[in-house]
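Down below is the structure, laid out as structure tokens.
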Amino acid sequence: MNLNTSTLTAHELIEKLDGREITLEEVLSGLRERINKIDPQVKAYVRRNEPQAAVNPAAAGPLKGIPVTVKDNICTEGLNTECCSHILEGFRPPYDATVIRKLKSAGATILGLKANMDEFAFGSSTENSYFGPTHNPWRLDCVPGGSSGGSAAAVAADEAVFALGSDTGGSIRQPAAFCGVVGMKPTYGRVSRYGLIAFASSLDQIGPITKDVEDCSLLLGVISGHDPLDSTSVDAPVPDYGKSLDRDIKGLKIAIPKEYFVEGMEAQVKEALEEAVSELKKLGATVKEISLPHTKYAVPVYYIVATAEASSNLARFDGVQYGLRIKSENLIEMYKKTRGEGFGQEAKRRVILGTFALSHGYYEAYYLNALKVRTLIKRDFDGAFKEFDCIVTPTSPSAAFKIGEKVEDPLKMYLSDIYTISANLAGIPAISVPCGFTGDNLPVGLQILARPFDEGTLLKAAFAYEQATVWHKMKPKV
Ligand code: GLN
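According to this note's numbering, the stretch in the sequence shown is residues 20 to 497, in order.
Here it is, written out as structure tokens:
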């Protein structure tokens, strides 16, 4: 068969496998060839494991043996899972994360290679990886976004059918936008975090990065649901997300928050958003401007809460139980040397910031106040969702930037998440779908947010928009 299977989506592959037009072996070897050809330039994968994991014996399940690409911070039994950090070098989890277990029982093959990421998911560009940066397939001198940059670049370059990322402040949506693919952060509690190596436990969610909205609904349906192993996972029924994809959004009430039109938003991003909004109106949605007055505090609140939680989560990496150990004369020296050598610069910056925010005397001034403002940010959304079904914004104020452009300026880097982090602070679901290109041929993303556990409405709006536009069909030339 002469079909180039690596360009196909998961739902297209399933259809062709069902119709016996292709075989699973063709899918797997097509993908392997594509990775071998493209990845030396894109570097979406970290080469710590054999390229191909054994084909799932349950390949008869709904996912038919199709391979899924997994971010390096999600535990995969027997396969290196290192969060792209030196400190976890050689760590092979003895168990699967719940999402992996669910994928395997739905018949997916777990790809042996893991997707590159910023160390411990700290970053917006994948430049903080111990293994070096991933390159944006649309322009190799640009970043793919982060921290799930490997997953997003792999999907965009057809080096992955679909992928899992994790999103603490935008790490699924922002790289999806930078690479021109679909990325969703589900509601906090929708997807189990068991086996996701924690960055900030009150913000982290695992979610899909895919070539189109239909694949996003497919993958979300498989990984969602209550898990007794994660006390923050919610015991609520998982709808059949495929049913949401009906293209009819007549009467959908959409809001645009005026605070999102910030200084520093690129003109072409603004234009793409305006065009997307007129498309949504043409499809029958009503659009009104609203105010989310606490938006301006989201970045500082996030960087207090996220670093505080990260500093405490990273305390477990001390050379005793996992990965790297630098031998020393005594225990304290061993801790110091292992952590000193094992963590990269950004991880150290966050441990120091977070420890400071939680320290005696500063806790009330920083951490407690941040929690209070977090509640106000959530209330802004609660108010808006009384009247509106969705909120739309750009996913990031700019398109992908050059590799090296922001590494020396962490504050500038932190601002690239200005539109995504509020959803994590409020726990609500959000999706990014491709909505245009800049003059430099770099993709732009449209973000849609909805009420907690209303992923169905997100998928519906995203699908209607996607089907009415051509953006998701565009492919980078790598
Ligand atoms: N870029 C943000 C940060 O560096 C978000 C990262 C994420 O979502 N994991 O914290």
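Ideal Cβ placement from N, Cα and C applies to all residues, glycine included. These numbers were taken from a predicted model, which means no experiment stands behind them.
Beta-bridge analysis with DSSP links residue 301 to no other residue. Per the DSSP secondary-structure output, residue 482 pairs with nothing in a beta bridge. When the beta-carbon positions are compared, residue 127 and residue 98 stay at least 8 Å from each other. In its chain, beyond the 5 residues on either side, 305, 407 and 408 have a beta carbon closer than 6 Å to the beta carbon of residue 272.
Closest option to residue 424, judged by alpha-carbon separation, among 60, 80, 410 and 145: 145. Taking C-beta separations shorter than 7 Å and ignoring five residues to either side along the sequence, the partners of residue 310 in its chain run 276, 277 and 278, following chain order. Of the candidates 307, 441, 439 and 456, the residue whose Cα lies closest to the Cα of residue 418 is 456. Rounded to the nearest angstrom, the gap between the Cα atoms of residue 157 and residue 461 is 6 Å.
DSSP assignment within the segment 136-191 yields the following whole beta strand (DSSP E) runs of 3 residues or more, N-terminal first: 181-186. For the 8 Å CB-CB criterion, residue 29 and residue 187 do not form a contact. Closest in alpha carbon position to residue 163, among 483, 478, 415 and 466, is 415.
Non-local C-beta neighbours of residue 358 in its own chain, meaning closer than 6 Å and more than five positions away in sequence, are absent. Under the three-state reduction of DSSP, residue 122 is assigned to helix.
Annotation: residue 391 is outside any beta strand (DSSP E); the continuous alpha helix (DSSP H) that includes it extends over 388-406. Listed in chain order, the alpha helix (DSSP H) runs fully inside the segment 430-468 are 440-445, counting runs of at least 4 residues.
In this structure, the CA atom of residue 465 is about 21 Å from the CA atom of residue 399. Between residue 112 and the set 340, 347 and 229, the nearest pair of CA atoms involves 340. Beta bridge pairing from DSSP links residue 202 with 228 and 451. Residue 446 counts as buried, since at least 16 other C-beta atoms from the protein chains shown sit within 10 angstroms of its C-beta. Distances from the CB of residue 143 to the heavy atoms of the ligand GLN include at least one below 7 Å. Going by DSSP, residue 129 is part of the beta strand (DSSP E) stretching over 128-134.
Sequence-distant Cβ neighbours of residue 244 in its own chain, meaning closer than 6 Å and more than five residues away, are 257. Across the structure, residue 396 and residue 388 are spaced so that their CA atoms are roughly 13 Å apart. DSSP places residue 264 outside both helix and strand once states are collapsed to three, so it counts as coil. Not one heavy atom of the ligand GLN sits closer than 7 Å to the Cβ of residue 408.
Look at residue 188: its beta carbon is less than 7 Å from one of the heavy atoms in the ligand GLN. Inter-residue distance for residue 27 and residue 180 is about 7 Å (C-alpha atoms, whole angstroms). Under DSSP, residue 98 takes part in a beta bridge, and its partners are 95.
Nearest neighbour of residue 298 by Cα position, chosen from 320, 322, 106 and 266, turns out to be 266.
For residue 308, the three-state secondary structure derived from DSSP is strand. In this structure, the ligand GLN has no non-hydrogen atom nearer than 7 Å to the beta-carbon of residue 428. With respect to the 8 Å criterion, residue 251 and residue 471 are not classified as neighbours on the basis of their beta carbons.
Comparing alpha-carbon positions, the option among 177, 208, 213 and 468 lying closest to residue 497 turns out to be 177. DSSP links residue 88 through a beta bridge to 182.
Excluding five sequence positions before and after residue 121, the CB atoms of its chain that fall closer than 7 Å to its own CB belong to 241 and 242, given in chain order. Here the alpha carbons of residue 114 and residue 493 stand approximately 38 Å from one another.
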